[in-house]
Amino acid sequence: MLMSINNLDARVERLPVLKGVSLEVEEGRITVIVGANGSGKSTLLRTIVGLNPASGGSIRFKGEEIQNRPAYEIAALGISLVPEGRRLFSEMTVSENLEMGAYLCRHDKAKVRANLDRVYELFPVLKEHRDRKAKTFSGGQQQMITLGRGLMSSPKLLMIDELSLGLAPKVISEILEKIVVLNKQGMSIYLVEQNVKQALRIADYGYVLDNGRVAMKGTAHALLNDENVQKTYLGL
Amino acid sequence: MHRNLARPVGIAIIVGLIGVLLTLPLFPSPSTTYFMGLILQVMLFVYLAQAWNLAGGLAGLFSLGHSAYFGIGAYAYAVGVAKYGLPPLACFAIGLFLSAVLAVITGLISTRLSGMFFAMVTLGLNEILLNLASQLTWLTKGDAGTYLRKQFTISFTTAYWVFFGLCIAAFVLMALIRHSKLGTLCVAIKENEAFSRAIGVNTGLWKIVILLISAAMVSIGGGFFAMYQGIVAPTMVFSFSISIKMLIVTMIGGMGTVFGPLAGAVLIVFDELVRAWLGSSFGGVSLVAYGTILVICVLFLPKGIMERLRPASREASS
Amino acid sequence: MTPQIIITLLLNGLFTGAIYGLFASGLTFQLGSLSIANFGYGSWLILAMYTTFFALKIWNVPLAFVVLVLPVIYFAAGYVIRNRLLVGGSLNVQILSTIGIAMIVDGLIILFYSPAPRTLGIIEPLIEIAPGIRIGAIRLTVFILAAVLLVLFQLFLQRSHLGKVIRAVVLEKETAMLMGINSERIIGIAFGISFVLIAISGIMLIHLFPVTTSAGSSYQLMSFLIATIAGLGNMRGAFYAGLAIGVLNAFLLYFAASFVTVVIFSLFVVVLILRSGRTAGMRHI
Chain A
1 MLMSINNLDA RVERLPVLKG VSLEVEEGRI TVIVGANGSG KSTLLRTIVG
51 LNPASGGSIR FKGEEIQNRP AYEIAALGIS LVPEGRRLFS EMTVSENLEM
101 GAYLCRHDKA KVRANLDRVY ELFPVLKEHR DRKAKTFSGG QQQMITLGRG
151 LMSSPKLLMI DELSLGLAPK VISEILEKIV VLNKQGMSIY LVEQNVKQAL
201 RIADYGYVLD NGRVAMKGTA HALLNDENVQ KTYLGL
Chain B
1 MHRNLARPVG IAIIVGLIGV LLTLPLFPSP STTYFMGLIL QVMLFVYLAQ
51 AWNLAGGLAG LFSLGHSAYF GIGAYAYAVG VAKYGLPPLA CFAIGLFLSA
101 VLAVITGLIS TRLSGMFFAM VTLGLNEILL NLASQLTWLT KGDAGTYLRK
151 QFTISFTTAY WVFFGLCIAA FVLMALIRHS KLGTLCVAIK ENEAFSRAIG
201 VNTGLWKIVI LLISAAMVSI GGGFFAMYQG IVAPTMVFSF SISIKMLIVT
251 MIGGMGTVFG PLAGAVLIVF DELVRAWLGS SFGGVSLVAY GTILVICVLF
301 LPKGIMERLR PASREASS
Chain C
1 MTPQIIITLL LNGLFTGAIY GLFASGLTFQ LGSLSIANFG YGSWLILAMY
51 TTFFALKIWN VPLAFVVLVL PVIYFAAGYV IRNRLLVGGS LNVQILSTIG
101 IAMIVDGLII LFYSPAPRTL GIIEPLIEIA PGIRIGAIRL TVFILAAVLL
151 VLFQLFLQRS HLGKVIRAVV LEKETAMLMG INSERIIGIA FGISFVLIAI
201 SGIMLIHLFP VTTSAGSSYQ LMSFLIATIA GLGNMRGAFY AGLAIGVLNA
251 FLLYFAASFV TVVIFSLFVV VLILRSGRTA GMRHI
């Protein structure tokens with residue numbers, strides 16, 4: 001088990017958001033968390049990665065307890081978060097953004113080079129415009145930059161928060177395809193998504209978060225075909 | 001248990017304090033005179049701090065240039081009686097008027113500038129006045145200062161009572177305002193100005209109102225200060241160190257609280273004692289001590305002493 | 001009012017303004033990029049000036065030594081102040097902490113250096129570059145040095161790895177942490193670097209002007225003025241604004257010496273009010 005979360009509680013500005021969340025992320029799989037707005041999905045990611053304090057429970061990554069450790073330490077352990085809203089270094093160029101993503105392996109020039117090539121291979125449009133400032137790109141392209149940046153540190157686990165926000169469906173599919181490619185190459189991926197259908201289609205396993213608790217879990221296939229899920233989240 | 005004791009103990013302390021202050025002048029002797037002098041300094045600054053507290057603590061208008069009103073009040077009196085032979089009351093009125101003008105200007109500025117920039121503007125305005133006081137020698141006799149003849153000054157004992165009275169008045173005023181509609185509005189503006197404006201509060205107007213009251217208080221204090229000192233010089237009254245004292249006393253005691261300035265008064269007492277003990281040749285030490293205390297207080301008592309004395313209220317909010 | 005006088009004033013003003021610009025760009029960096037309101041900036045400049053004076057005149061330390069050692073001390077001071085005292089403070093806390101530190105610095109200056117005004121008393125050699133137009137040699141040197149320093153600093157920020165990391169942290173402090181960057185430490189380093197600018201400015205300034213214990217506040221306000229005109233965080237703009245203020249100052253001193261402060265501070269207030277709309281969110285260098 002790559003990551004296991006046990007009974008996690010977390011507050012945001014004194015309000016309890018996560019209440020006893022337990023879940024697991026298997027290595028080499030695409031695990032997905034879906035849920036409505038405000039169900040605590042982003043808080044979950046932020047708590048895992050150390051940007052939000054955990055008030056109870058535990059998070060284990062590769063056997064090690066990581067809750068409440070500073071974010072830069074958790075990044076060094078191999079967890080890479082692609083944050084909600086992209087959060088690019090907007091005044092810096094694509095290549096500078098990617099260079100920052102490689103901070104943890106900055107001393108290994110060969111590795112950085114290899115990762116850079118991989119990112120440019122996945123997203124050729126970035127290679128073409130690598131000296132343009134990040135803020136000049138479209139929403140979808142910015143998402144690619146953020147993804148690429150997240151990959152530059154050769155992470156063991158790639159977590160992506162709300163990939164689809166503000167993007168056109170076609171763009172979303174494109175990027176999700178790349179996610180699948182990455183996964184086929186061996187990357188473990190942990191996706192938090194509002195767009196339930198698209199997310200479950202590419203996932204292996206899924207959790208449904210409701211009001212800070214895990215309401216349902218199962219294989220993606222099972223969840224997609226579940227009546228409740230269909231009614232509540234897929235509008236069927 | 002804590003909470004039930006705190007109230008009566010606090011009241012006892014204050015009653016005791018007032019008692020001491022009232023009876024001290026009845027026993028003239030070198031040591032009581034010394035203490036009264038010390039207390040007079042403290043009362044002056046507690047009064048000024050309370051005035052600052054209204055604008056800065058209650059309404060969140062973080063002004064670093066409040067000494068401007070002090071200087072205006074002081075010079076209005078000094079120049080008024082010495083140069084133009086006006087009756088004291090008229091001088092105070094002029095001082096109040098000029099301070100009001102400055103307060104309105106500052107208030108208007110505060111609607112456009114936030115926090116740090118507002119603070120800088122108040123600093124700048126004070127420096128302008130300082131420079132003007134220095135340079136307009138035809139009016140103010142410049143750096144040499146304006147001297148007041150005996151008949152325009154007040155004696156030590158009178159000053160003691162004046163400042164005592166002013167202090168009492170200031171505390172009463174603060175208590176009244178704090179629990180009035182004006183007070184609630186100010187706190188709302190301080191906590192969340194955008195929200196207050198959204199629900200229809202005319203934030204600009206109320207900021208100006210509270211600034212006017214604050215400025216008026218400081219101006220009056222300046223006038224009496226001039227009366228007591230007998231001389232007014234630019235760096236004495238348009239002094240950043242006065243502005244900062246008002247601020248520090250309030251912050252250490254507790255911004256926006258009624259008794260904050262009183263609690264913070266310990267700082268002034270300490271400062272005066274250090275200065276008296278070491279003498280003026282060790283001016284550097286008092287600065288260092290002052291600065292160190294300030295830093296320590298800011299680090300460990302960010303909300304002020306009053307906050308620490310209220311354990312019950314802290315539990316309630318969590 | 002001959003053209004020669006005007007040009008002389010202009011040039012000398014420019015050259016002096018360069019140091020104001022250098023000094024102010026440290027503040028503008030602190031204010032705009034690090035969002036730190038440092039009200040003790042002037043005191044540290046005065047300290048650098050006094051220390052340089054004492055080092056050169058009284059302790060007989062060679063200038064080269066001062067230039068190498070003082071900036072390092074200042075870097076350490078800046079780092080410690082930011083990461084031990086200013087961490088996570090609200091605006092009021094920052095303002096008061098920095099004022100408190102400034103008081104301590106002022107007090108130490110009086111204690112150790114005594115409050116007398118000091119000047120290196122250097123008679124500045126004048127270079128006649130055209131008939132009737134004389135400029136100070138030291139001023140010119142300082143101008144060149146300041147300009148070079150600022151260019152180097154810009155290059156550092158744009159091209160070097162650490163410079164990019166600093167820019168990244170300034171843009172997105174939390175996100176930078178996701179990449180394994182210890183943002184707090186980087187901000188401390190950036191703060192330390194801005195203190196180095198103060199040290200160097202001080203070393204240069206004492207060669208041109210005398211220093212008094214009360215000069216701190218006018219330098220402080222002047223650099224706030226320059227920083228605000230330029231736009232927070234805009235270091236190149238701060239240099240140019242510094243030049244402009246230097247020229248303004250030179251002309252004012254010549255024509256209306258006693259009202260210099262009033263004019264400059266009135267300008268300050270006016271600029272602040274006009275600029276008030278644009279002061280939010282200035283987060284790039």
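The listed protein sequences correspond, in order, to chains A, B and C. For the first sequence, UniProt numbering begins at 1 and goes up steadily by one. For the second sequence, UniProt numbering begins at 1 and goes up steadily by one. For the third sequence, UniProt numbering begins at 1 and goes up steadily by one. Heads up, the beta-carbon is just placed ideally off N, CA and C, and yes, glycines get one too. Just so you know, these numbers come straight off a predicted model, no measurement behind them.
ARG118 of chain A and GLU172 of chain C have their C-alpha atoms roughly 25 Å apart. Proximity of ILE46 of chain C to chain B, defined by a Cβ-Cβ separation below 8 Å, is not satisfied.
Apart from sequence neighbours up to five positions away, the residues of its chain that approach VAL49 of chain A with a beta-carbon distance below 8 Å are ALA71, ILE74, ALA75, ILE79, LEU81, MET159, ordered along the chain.
According to the DSSP assignment, GLY78 of chain C belongs to no beta strand (DSSP E) but to the alpha helix (DSSP H) extending over 63–80. The beta carbon of THR43 of chain A is closer than 7 Å to those of ALA10, VAL12, VAL17, LEU18, ASN52 in its chain, skipping five residues each way along the sequence.
Sequence-distant Cβ neighbours of GLY71 of chain B in its own chain, meaning closer than 7 Å and more than five residues away, are LEU129, ALA133, GLY222, VAL237, PHE238. Judged by DSSP secondary structure, ASP117 of chain A falls within the alpha helix (DSSP H) whose first and last residues are 109–122. Counting other Cβ atoms within 10 Å of its Cβ, ILE81 of chain C reaches 16 or more and is therefore classed as buried.
When Cβ-Cβ separations below 8 Å define contact, THR146 of chain B makes no contact with chain C. Residues of the same chain with a CB within less than 7 Å of the CB of THR175 of chain C, apart from the 5 flanking positions on each side, do not exist.
Annotation: ARG86 of chain A is outside any beta strand (DSSP E) and is labelled neither H nor E by DSSP. In this chain, GLU26 of chain A is not harboured by any beta strand (DSSP E), its DSSP state being neither H nor E. Bridge pairing for THR93 of chain A: A:LYS133 [DSSP]. Closest in alpha carbon position to ILE193 of chain C, among C:GLY13, C:GLY26, C:LEU22, is C:GLY26. Pairing ALA263 of chain B with LEU102 of chain B gives a Cβ-Cβ distance that is not under 8 Å.
Here ASP210 of chain A carries a strand assignment [DSSP, helix/strand/coil].
Under the 8 Å Cβ criterion, the stretch 170–188 of chain B counts as touching the stretch 205–220 of chain B, having at least three qualifying pairs. About 4 Å separates the beta carbon of GLY140 of chain A from that of VAL171 of chain A, a gap short enough to meet the 8 Å contact definition. At a beta-carbon threshold of 7 Å, the residues of chain C lying near TYR72 of chain A are MET177, GLY180, ILE181, ASN182, ordered along the chain. Taking 8 Å as the cut-off, the beta carbon of ILE138 of chain C is found closer than this to the beta carbon of HIS207 of chain C.
Using a Cβ distance threshold of 8 Å, TRP52 of chain B and MET246 of chain B count as a contacting pair. Bounds of any beta strand (DSSP E) do not take in ILE202 of chain A; it lies within the alpha helix (DSSP H) bounded by 196–202. In terms of beta-carbon proximity, TYR103 of chain A lines the interface with chain C, with at least one pair separated by less than 8 Å. Collapsing the DSSP output to three states places GLY148 of chain A in a helix. Within the same chain, no residue comes within 7 Å of LYS164 of chain C by CB-CB distance, once the 5 residues on both sides are set aside. The Cβ atoms of PHE209 of chain C and ARG118 of chain C lie no closer than 8 Å to each other. Under the DSSP assignment, ALA238 of chain C falls in the alpha helix (DSSP H) whose first and last residues are 235–256.
Membership of TYR190 of chain A in the beta strand (DSSP E) is indicated by the continuous run 188–193.
Out of A:ASP210, A:GLU96, A:PHE123, the CA that lies nearest to the CA of SER160 of chain C is found in A:GLU96. For ILE273 of chain C, the nearest beta carbon of chain B is closer than 8 Å to its own beta carbon. DSSP, read as helix, strand or coil, puts GLY260 of chain B in helix. Those residues of the stretch 81–101 of chain C placed with their C-beta closer than 8 Å to a C-beta in chain B are LEU85, GLY89, SER90, LEU91, ASN92, VAL93, ILE95, LEU96, SER97, ILE99, GLY100, ILE101, ordered along the chain.
ASN52 of chain A carries a coil assignment under DSSP once its states are collapsed to helix, strand and coil.
Chain order gives the chain A residues near LEU171 of chain C as PHE89, SER90, GLU91, MET92, where near means a beta carbon separation below 8 Å.
HIS66 of chain B counts as buried, since at least 16 other C-beta atoms from the protein chains shown sit within 10 angstroms of its C-beta. Distances from the alpha-carbon of LEU89 of chain B to those of B:TYR77, B:GLN151, B:ALA100 put B:TYR77 closest.
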